[in-house]
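Protein sequence lines correspond, in order, to chains X, L and W.
Under our numbering, residue 249 is the last one in the first sequence; the count climbs by one each step, no gaps.
Under our numbering, residue 285 is the last one in the second sequence; the count climbs by one each step, no gaps.
Under our numbering, residue 761 is the last one in the third sequence; the count climbs by one each step, no gaps.
Here a beta-carbon is modelled for each residue, glycine too, at the ideal position from N, C-alpha and C.
As structure tokens, the structure follows; a few thoughts come after it.
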Amino acid sequence: MQEIADWFRSLYETTGLNFTIFYDPYDAWQFARGVGMTVYLSVVSILICLVVGVIGAWLQSSGIKVVRGVIEIFVVIFRNTPPLVQIFFFYFGMGELLPANYNDIGLREPLLSNVQWAIISLSLFAGAFNIEIFRSGIEAVPDTTVEAAEALGYTRLGVYRHVVLPLALRVCLPALNNNLVNLLKTTTLAYAIAVPETLYATTQIWAESQNVTEMMFVLLATFVLLVGVLVWVMHRWERSLRIPGFGR
Amino acid sequence: MRKERAAPVTDLPVLLPVRSPCVPVLSLRAWHGLVLAAAVLMFAPAAGAQAGSEELSIIGVIIKWMPLLLTGFGFNLLISVLAMALGTIVGLGLGLLQLSEFRWLSRCAWALTQFFRNAPWLVLLFFAMYLIPYEFRIGEVTIPFPDWVKAVIGFALPVMANVAEIVRGAVQSISSGQWEAADSLAFTRRQTLWMIILPQCVKRMLPPWMNLYSLVTMATVLASVVGINEMLTLTAQVHNAEGGRTDLLAPLYAFALLCFFIYCYPINLWTVRLERRFNVKS
Amino acid sequence: MAAWTPDQPMVRLRDVHKSFGQSEVLKGISFEVMKGEVICIIGPSGSGKSTLIRSINALVPINSGSITVEGQEVNDPAVDKLALRRKVGMVFQQYNLFPHRTALQNIMMAPIHVLKQDRSEVEARARALIRKVRLEGKEDTYPGELSGGQQQRVAIARSLAMRPDLMLFDEVTAALDPETVKEVLVTIRELAREGMTCILVTHEMGFAREIANRIYFTDQGVIVEHGSPQEILDHPREARTKAFLEQVL
């Protein structure tokens, strides 16, 4: 570790390329915390948005017209408005409308923190896309396969859980893949409500250390790496779900 | 012996073709907007009740500032159109480079595409804002680069990469038989590409390209983060000018959502229609 | 209603009507099936055969009339469909195996998920069924890797795993290659000999003649005539039956 730090320090002294995060413990810690926050935002939002997608797609196939309409409107609105404005709407708009506590010195302590609001709005945003993605997967499952499950006595929920969903998941994995990568990239918007994720940490570092160019490349490389990891995980998953003799 | 034999059936109930993830074209176009508008209006009476008589109702505030906010929205659209035009031109080139016969050239173009496609839009915007100088000097002439021009470039970068990917995908989706047929007619590679392959690609590229435009439009609000006077920045300023009333925040942002929705939803519907018509996916 | 006893008809249809929109596909169908009987339904395509057989396990709701299985009214909205469907097994033209599960898992799924039976007991039964349909060695093969005839035999085993009292076969050989039709018919013949009550919709006249107790000829939503295989296939009384048989034989 010490060698790496020394090498980057001498790199700075000889070339002027100042990668503080590799030798300055404070910058290193700040950056690591930022990446950690990005990973946390991504993982939690991915899990929630998958749940939103599954439930939404299930409700959309329900017979109740009102339920379908509500889901439809939710999807259409979240797909066709800027995610940043959604975050602002939730964090500033909804955050103010929710009741809040006041601490000892009379400062307002909102019910939900900026991180929680970021997770909520990111999950809803990506979840709206997931509903569409899962729905197209569900539509790709032939009616006759569903009928076979019904003939075996499965309930509606049982058919969905044991037959439709496993098949639909395999059909829509490529699209889901794209959407989750997109969600990972969208977590940077949490910067705008001061969530200390990677972009936020980086701007703090370059503001103090005056090394914008260097940090910019570190930042880009970090995201290329994070996206790479996510894509790799998704491909592993896709492979493990592959069924012999099945495909289009 | 048997009267009818089903048409040759594969052994497995083959999955039906995946419909593009899209919104069924319902007759919702108009009243979808109305629902959002209603959501905005809903805040009005409640807030009007608690606001003092000297304060404008929420609807009053929005109407008062609407010209300014819509001007800001117009600026968003201007940025989106310019970024789309610039990104499309460069992206077409990058996409074609990926199909180049020179291996190293196509590899480089591919790597560049992947790099800019996988970087977050906001990071690329910062990239453009900080690393592009505020002016260029060519001999005697000084070309200034104001912030909003840098922002256009910042948005054009991901557009470029996505357009390159769309071009590559579309060209590769044309069956190899077309290339072979053209080869056998003694077309050069360049002639084949421009006269035979690309014209067939236009149909396939149009829906994903429109989808991309919709994404760019929605991304333009990111410019507010780097201090450009577009709609979202103006919204915050309007909020300040009205004395920072907290009850104004939700309706003001809802208004911004509404503007983008009214602009982007028809594009989305149109894209879906084209996808169906051309039978392609974005 | 008095409890059903095996001396009463197991399946009883009374004046069953069914319409899809404007078109009426079943125009008053009535028949009875006793326990252990094998019934074949024949007729031109579009005569409502598939709708008829699907209505017996409530996959298709009927508009009027009555269908009872072991004394239980199928068309009653309050009917326990799960209970009904565990009594009635069904095999489809398109096999409809679950492509994400192996042959063995396909057979085991419903008893475990629907009947909540013990896994090890179900597995032993499933392996016995695999042997019964002569697919030893294919337990861990996915449907996509099996031939049509093999898939159809797995589908039959899957239905049998629910231990039904009645089996419905809906044109189960119509999608198969001629060379694999036989292996499926052998399996069904064995079932019939063991005393399973079966209702088959089929185009295999030779097979129908061999195993059926009675044959029903349907056309345009009504039963034109019915009787023993000899009566229907060799000495049809109705002109429509004659015309149909001339076409297919």
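Cutoff 8 Å: residue i Cβ touching any chain L Cβ
| i | result |
| --- | --- |
| L202 of chain X | A small fix is needed here, since residue 202 of chain X is Ala in this sequence, not Leu. No, its Cβ sits nowhere closer than 8 Å to a Cβ of chain L. |
| P167 of chain X | no |
| G94 of chain X | yes |
| K1 of chain X | Coverage of chain X is limited to positions 2 through 249, which leaves residue 1 of chain X absent and any answer about it impossible. |
| E97 of chain X | yes |
| V225 of chain X | yes |
| T16 of chain X | no |
Residue i versus residue j: straight-line alpha-carbon distance, rounded
| i | j | result |
| --- | --- | --- |
| F105 of chain L | L115 of chain L | 16 Å |
| I106 of chain X | E97 of chain X | 19 Å |
| G96 of chain L | I169 of chain L | 12 Å |
| A47 of chain L | I61 of chain L | With a pLDDT of 48 at A47 of chain L, under the threshold of 50, the predicted position of this residue should be treated as unreliable, though the coordinate-derived value follows. Cα to Cα, the separation comes out at about 5 Å. |
| E702 of chain W | W233 of chain X | 51 Å |
| P518 of chain W | V76 of chain X | 55 Å |
| D682 of chain W | E198 of chain X | 60 Å |
| G230 of chain L | G157 of chain L | 14 Å |
| N243 of chain L | L201 of chain L | 52 Å |
| A50 of chain L | E245 of chain L | Note that A50 of chain L scores a pLDDT of 45, beneath 50, so its modelled location is shaky and nothing firm can be said. |
| A202 of chain X | A29 of chain X | 10 Å |
| A720 of chain W | P741 of chain W | 7 Å |
| A507 of chain W | D144 of chain X | Nothing can be reported for residue 507 of chain W: it is not among the residues displayed for chain W, which extend from 513 to 761. |
| I72 of chain X | G35 of chain X | 34 Å |
| A239 of chain L | P111 of chain X | 20 Å |
| A101 of chain X | W118 of chain X | 14 Å |
| M234 of chain L | V155 of chain L | 15 Å |
Residue i at chain X interface by Cβ criterion, 8 Å
| i | result |
| --- | --- |
| G661 of chain W | no |
| L594 of chain W | yes |
| P573 of chain W | no |
| M221 of chain L | yes |
| N232 of chain L | no |
| G51 of chain L | At G51 of chain L the pLDDT is 43, less than 50, meaning the model places this residue with poor confidence; the figure from the coordinates comes in the next sentence. It does not: the Cβ of G51 of chain L has no partner Cβ on chain X nearer than 8 Å. |
| T249 of chain L | yes |
| N165 of chain L | no |
| Y256 of chain L | yes |
| G656 of chain W | yes |
Burial state of residue i (16 or more Cβ within 10 Å)
| i | result |
| --- | --- |
| T714 of chain W | buried |
| W197 of chain L | exposed |
| L85 of chain X | buried |
| Y192 of chain X | buried |
| L277 of chain L | buried |
| Y24 of chain X | buried |
| Y137 of chain L | exposed |
| G27 of chain X | Here residue 27 of chain X turns out to be Tyr, not Gly, going by the sequence shown. Exposed, since its Cβ has fewer than 16 Cβ neighbours within 10 Å. |
| M674 of chain W | buried |
| A515 of chain W | exposed |
| R598 of chain W | buried |
| K754 of chain W | exposed |
| M101 of chain L | As written in the sequence, residue 101 of chain L is Gln, which differs from the Met given in the question. Answer is buried; the Cβ neighbour count reaches 16. |
| K530 of chain W | buried |
| A640 of chain W | exposed |
| M221 of chain L | buried |
Chain-ordered neighbours of residue i on chain L, where CB pairs are closer than 9 Å
| i | result |
| --- | --- |
| M217 of chain X | V126, F129, F130, Y133, L134 |
Closer than 7 Å at the beta carbon, the chain L residues around residue i
| i | result |
| --- | --- |
| A193 of chain X | V228 |
Close Cβ partners of residue i (< 8 Å) along its chain, the five nearest in sequence each way excluded
| i | result |
| --- | --- |
| Y216 of chain L | S83, M87, I270 |
| V162 of chain L | A86, M87, L89, G90, T91, G94, L215, V219 |
| L12 of chain X | L18, F20 |
| T187 of chain X | P84, L123, F126, A127 |
| L113 of chain X | G96, L99, I121 |
| S137 of chain X | V172, C173, A176 |
CB contact check: residue i to chain W, cutoff 8 Å
| i | result |
| --- | --- |
| R1 of chain X | A query on residue 1 of chain X cannot be resolved here, the shown segment of chain X reaching from 2 to 249 and no further. |
| Y155 of chain X | yes |
| I244 of chain X | yes |
| T214 of chain X | no |
Under 7 Å by beta carbon: chain W residues contacting residue i
| i | result |
| --- | --- |
| A152 of chain X | N569, L571, R597, M602 |
| V164 of chain X | F610 |
Chain X contact residues for residue i, given Cβ-Cβ distances below 9 Å
| i | result |
| --- | --- |
| A515 of chain W | The contacting residues do not exist; A515 of chain W stays about 22 Å from chain X at best. |
| Q534 of chain W | Within 9 Å Cβ-Cβ: nothing; Q534 of chain W doesn't reach chain X, min ~22 Å. |
7 Å Cβ shell around residue i - same chain, five flanking residues per side excluded
| i | result |
| --- | --- |
| T653 of chain W | T614, A615 |
Amino acids of chain X, ordered along the chain, whose beta-carbon sits closer than 8 Å to that of residue i
| i | result |
| --- | --- |
| Y268 of chain L | V77, N81 |
| H625 of chain W | Y155, G159, H163 |
Chain-ordered chain X contacts of residue i [CB-CB under 7 Å]
| i | result |
| --- | --- |
| F118 of chain L | V225 |
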